[in-house]
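Below you'll find the structure, written out as structure tokens, and then a few comments.
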Amino acid sequence: NRNIILGVIFIIAGLVFMMGTLFPWITWIAWGTFWPVIIIVVGLVIMIRAI
30 NRNIILGVIF IIAGLVFMMG TLFPWITWIA WGTFWPVIII VVGLVIMIRA
80 I
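Using this note's numbering, the first residue of the sequence shown is number 30, and each one after it goes up by one.
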């Protein structure tokens with residue numbers, strides 16, 4: 030299902046941005062520390078609605 034794939038992409042993107050806070054060399058991507066959590070939640074909601 031396309032929505033499940035979209036949800037997975039959102040979750041992966043959120044995790045990548047969260048790792049930006051752990052690894053300094055990708056911190057230029059991570060503007061804040063809270064908005065990746067929002068991206069992951071959006072991805073989860075999309076996946077749950079797709080099921």
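We treat Cβ as the ideally placed atom computed from N, Cα and C, and that holds for glycine.
For the set I80, I77, V71, the Cα lying nearest the Cα of I40 is the one of V71.
DSSP places N32 within a helical segment (H, G or I) once states are collapsed to three. Residue state for I80 is assigned as coil, using DSSP reduced to three classes. Measuring C-alpha to C-alpha distances from P65 to each of V37, L35, G36, L44 identifies L44 as the nearest.
Closest in alpha carbon position to M47, among I67, A79, I34, is I67.
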